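Okay, structure first, notes after.
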Amino acid sequence: MLRLQNRLIYALRAASHAPASTLHLFHLSNAAATATAAPSAQFVVEDYLVASCGLAPAQACRASKYLRHLKSPANPDAVRAFLADAGIAEADIASAIASDPRLLCSKVDKTLAPRVAQLRDMGLSPTQISRLVAMIAGILYNPSKITRLEFYISLLGSYARVETALKRYGWFLLSQDIENVVKPNMAFLQQCGLSQDDTAGLCLRTYHLLTSNLEHVKTMVARAEKLGVRGVRPSSGMFKKALIAVCSLTAENVIARTELLERALGYAEAKIAVSKLPSILTMSEVKLAHRVEFLTTEFSLEPLYIAHRPAILTYSLERRLIPRYFVIHVLKAKGLVKRDIDLFGVFSQSHEKFVHKYLHHQ
Numbered sequence: 003m004l005r006l007q008n009r010l011i012y013a014l015r016a017a018s019h020a021p022a023s024t025l026h027l028f029h030l031s032n033a034a035a036t037a038t039a040a041p042s043a044q045f046v047v048e049d050y051l052v053a054s055c056g057l058a059p060a061q062a063c064r065a066s067k068y069l070r071h072l073k074s075p076a077n078p079d080a081v082r083a084f085l086a087d088a089g090i091a092e093a094d095i096a097s098a099i100a101s102d103p104r105l106l107c108s109k110v111d112k113t114l115a116p117r118v119a120q121l122r123d124m125g126l127s128p129t130q131i132s133r134l135v136a137m138i139a140g141i142l143y144n145p146s147k148i149t150r151l152e153f154y155i156s157l158l159g160s161y162a163r164v165e166t167a168l169k170r171y172g173w174f175l176l177s178q179d180i181e182n183v184v185k186p187n188m189a190f191l192q193q194c195g196l197s198q199d200d201t202a203g204l205c206l207r208t209y210h211l212l213t214s215n216l217e218h219v220k221t222m223v224a225r226a227e228k229l230g231v232r233g234v235r236p237s238s239g240m241f242k243k244a245l246i247a248v249c250s251l252t253a254e255n256v257i258a259r260t261e262l263l264e265r266a267l268g269y270a271e272a273k274i275a276v277s278k279l280p281s282i283l284t285m286s287e288v289k290l291a292h293r294v295e296f297l298t299t300e301f302s303l304e305p306l307y308i309a310h311r312p313a314i315l316t317y318s319l320e321r322r323l324i325p326r327y328f329v330i331h332v333l334k335a336k337g338l339v340k341r342d343i344d345l346f347g348v349f350s351q352s353h354e355k356f357v358h359k360y361l362h363h364q
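Under our numbering, the letters of the sequence shown match residues 3 to 364, in that order.
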């Protein structure tokens with residue numbers, strides 16, 4: 003095509019000095035060349051992505067940037083046909099192409115077929131493979147990701163648990179170096195007293211403990227111990243909750259929220275509250291301050307009472323604490339419940355149990 007264009011440009015320059023009859027012949031030849039070139043220009047990637055792959059125009063526009071080299075629908079058609087025959091749902095194929103358009107450039111026989119066979123050999127059903135491809139299309143042309151997937155299935159015990167982790171963390175989980183990052187982190191956590199099942203559970207809650215560098219993991223463990231769980235067995239639920247909490251916060255966040263609780267409840271009371279429920283540090287400072295103030299001023303609860311029952315800080319004021327408090331207040335006024343009733347017991351009950359006990363039976 004480029005050679006033809008150069009010839010036409012040359013002819014145009016020559017024609018500028020030619021008689022009218024020659025110019026007429028040039029225009030005719032130019033029109034004929036354009037007509038001849040038209041069929042090869044009919045394949046437009048963006049149009050193909052919309053019409054054949056089911057992408058929205060905006061998605062097709064973004065995806066087409068990676069596929070400008072395609073001159074024919076032959077390979078993309080072969081890829082789509084293979085995926086459909088493999089049991090990949092049409093909607094999942096569209097999601098995969100939208101997230102990773104390079105999938106359409108894969109070779110069916112050399113790349114896709116072997117990868118799908120590997121996934122089947124690992125025990126994945128067509129439906130599971132379909133959902134996996136929709137989440138991480140690159141797994142079909144990246145053997146290392148399949149190796150890592152197999153490792154996580156072994157670690158977590160089932161593909162269903164891995165899928166849960168992938169929904170949260172996506173491709174990032176399968177992009178980490180297993181031998182040089184994940185396994186050393188697991189070994190360190192086990193040295194701290196956590197079992198492999200513990201580390202598997204932590205993987206589902208926060209991938210940082212497995213995918214960060216080892217020094218960062220050591221820092222997280224040290225921060226968790228400072229929350230008052232130093233004497234608690236590492237395999238206990240409390241230590242694991244502390245680890246999860248600090249992994250989601252910066253050191254500055256931890257300090258700021260701890261100091262807030264110390265001002266609101268008292269130093270000793272704040273230590274008790276955090277050691278019993280480290281996750282309260284993940285609440286916003288505004289919510290923490292507002293709830294402590296409301297509970298101590300409006301409900302007249304003592305800081306030490308709150309400290310030993312920190313879960314009370316996690317309940318919604320508008321949807322749980324205030325409505326239930328006033329129900330109990332009215333029932334007390336009518337003599338229908340004991341005046342020394344434990345409010346935390348009232349607040350911690352499920353909605354159904356609360357309604358059954360305090361409304362239906364009064």
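Quick reminder that beta carbons are idealized off the backbone N, C-alpha and C, glycines included.
Bear in mind that the values here come from a model prediction, so they are computed numbers and not experimental data.
For residue i, count neighbouring C-beta atoms within 10 Å of its own C-beta (all shown protein chains included) and say buried if the count is 16 or more, exposed if not.
i       : result
Thr-208 : buried
Phe-375 : This structure cannot speak to residue 375, because the chain is shown only from 3 to 364.
Tyr-269 : exposed
His-362 : exposed
Asp-102 : buried
Leu-338 : exposed
His-210 : buried
Ser-197 : exposed
Ile-131 : buried
Arg-259 : buried
Gln-61  : buried
Phe-241 : buried
Thr-201 : buried
Ala-76  : exposed
Glu-304 : exposed
Arg-82  : buried
Leu-27  : Note that Leu-27 scores a pLDDT of 35, beneath 50, so its modelled location is shaky and nothing firm can be said.
Cys-63  : exposed
Arg-311 : buried
Ile-274 : buried
Using DSSP with H/G/I as helix, E/B as strand and the rest coil, what is residue i?
i       : result
Phe-301 : coil
Ile-138 : coil
Asp-102 : coil
Thr-113 : helix
Lys-355 : helix
Val-256 : helix
Gln-178 : coil
Gly-337 : coil
His-362 : helix
Tyr-143 : coil
Thr-201 : helix
Ser-108 : coil
Asp-123 : helix
Thr-208 : coil
Gly-347 : helix
Is the shortest distance between the beta-carbon of residue i and the beta-carbons of chain C less than 8 Å?
i      : result
Cys-63 : In the structure shown, chain C cannot be found, because there is only a single protein chain.
So, using beta-carbon positions, are residue i and residue j closer together than 8 Å?
i       : j       : result
Val-135 : Asp-94  : yes
Leu-279 : Ile-308 : no
Leu-283 : Val-276 : yes
Ala-98  : Ala-139 : yes
Leu-216 : Pro-186 : yes
Leu-69  : Leu-106 : yes
Cys-249 : Val-223 : no
Ala-91  : Val-110 : no
Val-184 : Leu-212 : yes
Leu-57  : Ala-96  : yes
Ala-244 : Leu-262 : no
Ile-155 : Leu-204 : no
Gln-192 : Ile-148 : no
Phe-301 : Leu-345 : yes
Ile-343 : Ile-330 : yes
Met-124 : Gly-172 : no
Glu-165 : Arg-133 : yes
Leu-114 : Tyr-161 : no
Would you say residue i touches the ligand GDP, meaning its beta carbon is less than 7 Å from a heavy atom?
i       : result
Leu-158 : By its list of ligands, the structure shown contains no ligand whatsoever, and the ligand GDP lies outside what it can speak to.
Which ranges does the beta strand (DSSP E) cover as unbroken runs of at least 3 residues, wholly within the stretch 210-253, from first to last along the chain? none
Alpha helix (DSSP H) runs contained entirely in the stretch 40-105, provided each spans 4 or more residues: 47-53, 59-66, 76-87 and 92-101
Could you pull out every unbroken alpha helix (DSSP H) segment of at least 4 residues lying fully inside the stretch 260-321, listed in chain order? 269-278, 287-299 and 305-309
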